[in-house]
Structures are given as C-alpha cells and as structure tokens.
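K.L.:
Below is a structure I'd like to ask you about.
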Amino acid sequence: MTLLDQEIAHITRAVRSSSSRPAAETVLPPAYWRRRLNELLGSEHLTKAQLSAIDSLLRELDSYEAQNAASRRAS
C-alpha cells in the first residue's frame with residue numbers, strides 16, 4: 028500500500044466516523060477533510076482507483092454537509 032493509499036484509507040475512516048455523528052460532535056469539520064482530499068488531488072500519478080476513492084469521499088462530505096444544514100434549518 029502506497030503512502031497515498033494510506034492517506035486515502037485514513038481519511039475514509041475519519042470521514043465515515045464523523046458522518047455518523049452530528050456536526051457539533053465531530054472533532055474536525057468537513058472543511059478540514061475536504062482540504063486534505065483536495066491536496067491529494069494535486070498529487071502526481073494518481074491511479075483511477077485513487078481518483079475514484081477521493082471523488083467518492085468528496086461526495087460523502089457534500090451529502091453530510093447538506094444533511095447537517097437541513098437539520099439546522101429544521102431546528
């Protein structure tokens with residue numbers, strides 16, 4: 028497993044752990060993870076699988092943020 032794969036795996040675990048909690052209970056905000064993923068996108072020689080994993084995580088963050096925004100509006 029490459030360092031890049033390890034980073035993606037780490038971010039995947041963190042995002043999935045965070046997305047199971049309300050935004051107020053997460054240690055790091057979605058913006059932090061989005062920045063980390065965007066930094067990885069700047070890496071040279073990303074494989075198709077790595078690009079796909081990063082894209083999937085960015086979509087998960089989008090969904091999580093939308094759900095939290097809807098929850099705040101409903102409160």
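Under this note's numbering, the first residue of the sequence shown carries the number 28, and numbering increases by one thereafter. Backbone N, C-alpha and C define an ideal beta-carbon position, used for all residues, glycine too. Note that this is a predicted model, so its numbers are computed, not measured.
1) So LEU85 packs on ARG61, CB below 8 angstroms; how close in whole Å?
2) So the alpha helix (DSSP H) THR39 belongs to, where does it begin and stop?
3) On a CA-only basis, which of SER45, ALA96 and ALA80 is nearest GLU34? Give me that one, please.
4) Does chain D have any CB closer than 9 angstroms to the CB of SER70?
5) If I measure Cβ to Cβ from ILE38 and keep anything under 7 angstroms in the same chain, skipping five residues before and after, which residues do I get?
6) Evaluate the contact criterion for the stretch 40–49 versus the stretch 67–74: three or more CB pairs, one atom per stretch, below 8 angstroms.
7) For TYR91, which residues of its own chain have a beta-carbon under 7 angstroms away from its beta-carbon, when the five flanking residues on both sides are left out?
P.N.:
Put simply:
1) If you number the sequence shown from 1, residue 85 lands on position 58. If you number the sequence shown from 1, residue 61 lands on position 34. 7 angstroms between Cβ atoms; contact.
2) To locate residue 39, count along the sequence shown from 1; it is residue 12. From DSSP, the alpha helix (DSSP H) with THR39 extends over 30–46.
3) Taking the first residue of the sequence shown as position 1, residue 34 is located at position 7. Comparing Cα positions, the closest option is ALA80.
4) The structure shown contains no chain D; it is built from a single protein chain.
5) Taking the first residue of the sequence shown as 1, we reach residue 38 at position 11. So the list reads TRP60, ARG63, LEU64 and LEU84, once near-sequence residues are dropped.
6) no
7) The residue labelled residue 91 in the question sits at position 64 within the sequence shown. Excluding residues within five positions, the ones whose Cβ falls inside 7 angstroms are SER46 and PRO57.
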